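Presented below is the structure to which this report refers.
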Amino acid sequence: MARRERRLMGRVYDRVFDGVLVRMDAEEAHHRAFSALRAAGPLLTRVPPPATDPVTAMGLRFPNRLGLAPGFDKTAQVYDRMGAFGFGHVEIGTVTALAQPGNPLPRLFRLPQDRAIVNRMGFNNDGAVAVAARLAQRRRDGRGPVLGVNIGKSKVVPDDDQAGVEADYETSTRLLAPHADYLVVNVSSPNTPGLRNLQAVEKLAPLLEHVRRVADAATAQRRGTPVPLLVKIAPDLSDDDVLAVADMALALGLSGIIATNTTIARENLRTDAATVEACGAGGLSGAPLRERATEVVSLLRGRVGDRLTLIGVGGIGSAEDARQRIAAGADLVQAYSALIYGGPSWPRQVLKGLR
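For the sequence shown, the working numbering assigns the number 216 to the initial residue and increments by one for each residue that follows.
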């Protein structure tokens, strides 16, 4: 994709966003973009991610530091197209053991003044069986960016049923770990009732130990080496709880931590209060998350040294934001909301700035 074409694409996207997409229901706009990517698949899968800033982490070679956060491709249908736009890795999901429709509509809202998004999607996805089958077919040619698979709890499983939670994550792990370059346990979305309760170390440690055993068994013959395992945490944890998760990750021998998920906070927004309130409950992502997400990465790096890979996500909207997150201690960075506002040329603009 030539530089002039990318610039033109960016200008066209800005006009379409300001004139059309911003007036369209946010989830409908997502579905239309998704359908376009599916249609363009054969062309886009041939374009490799740019190796502008290669980095090795968790035993994997990433062509650059920028990744697409989960939420965009929940069902493993377009992840292998996203390298064409610049992403060096893509995290799909969140995938649950059971297929589920997610929360009632509407459940996705833009706050353009804040370059932010509120969502309460509720892990809508096709379920681990369907996603695993899709990955088994797609991954044969080895094309596409580094693939992370993000797994979460099925809504019908009570968070206080430890055995049930472990069995639920076990199903997803057994089916999906063989296809993942790295695996992420998500216990930090605010949109599945009780999920964040699993971040308490006394619940999280045995869950991660169980996932680790299942993942190792599921990948032993195919990979020969364990699949890297990470945990994703919320920005709303206290500093002490962040450090407790860091200590636990070291004790369990995890490969890394992803910081952070969306926030339930609504402070210091430019959007008027009535509009924010009308969006209702859900996780806030985008620019307002930048400061706290950076703080959490810095806390983690100070605690774990160079023993864990840290992936910084939340509020990264520019190359400068990415540089600050890397300076705070992130080995890799991810974004999603900024792609919505910046359009298809945004990833390569960030990579150019990072160079």
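A virtual CB, placed ideally from N, CA and C, is assigned to each residue, including glycine.
Keep in mind it's a predicted model, so treat the numbers as computed, not measured.
| query | result |
| --- | --- |
| Could you check if Val371 is buried or exposed, using at least 16 other CB atoms within 10 Å of its CB as the buried criterion? | exposed |
| Return no unless some Cβ of chain C is closer than 8 Å to the Cβ of Val491. | Given the protein chain composition of this structure (a single chain), no chain C is represented. |
| One question on the structure: do Ile473 and Val519 come within less than 8 Å of each other, judged by their Cβ atoms? | no |
| What residues are listed by DSSP as bridge partners for Thr271? | Arg276 |
| Measuring only the C-alpha atoms, how far is Asp521 from Met273? | 11 Å |
| Can you tell me which of Ser513, Ser560, Ala534, Leu320 puts its alpha carbon nearest to the alpha carbon of Thr524? | Ser513 |
| Shortest alpha-carbon distance to Arg330 belongs to which of Val548, Ser533, Thr267, Ser403? | Ser533 |
| Rounded to whole angstroms, what's the CA-CA distance from Arg337 to Thr407? Just pull it up for me. | One point to set straight first is that residue 337 is Gly, not Arg, in the sequence displayed. Their backbone Cα atoms lie some 6 Å apart in a straight line. |
| With which residues is Thr478 paired in a DSSP beta bridge? | Leu499 |
| Residues bridged to His304 by DSSP? | Gly282, Val361 |
| Compute the distance between the beta-carbons of Ala449 and Arg325, then report whether it is under 8 Å. | no |
| From this set, Met297, Gln436, Ala378, which residue's C-alpha is nearest His394's C-alpha? | Gln436 |
| DSSP three-state call for Ala553: helix, strand or coil? | helix |
| If we count Cβ pairs, one from each stretch, closer than 8 Å, do we get three or more for the stretch 308-316 versus the stretch 457-477? | no |
| Are three or more beta carbon pairs between the stretch 551-569 and the stretch 263-280 nearer than 8 Å? | yes |
| Hey, could you find the ends of the alpha helix (DSSP H) Arg325 is sitting in? | Segment 323-326 is the beta strand (DSSP E) holding Arg325; no alpha helix (DSSP H) there. |
| When you compare only the Cα positions, how much space is there between Asp536 and Asp374? | 35 Å |
| Do Tyr294 and Leu362 have their CB atoms nearer than 8 Å? | yes |
| Of the residues Leu323, Ala312, Val333, which one's Cα is nearest the Cα of Val344? | Ala312 |
| Whose C-alpha, out of Thr290, Val426, Thr486, Asp376, is nearest the C-alpha of Thr386? | Val426 |
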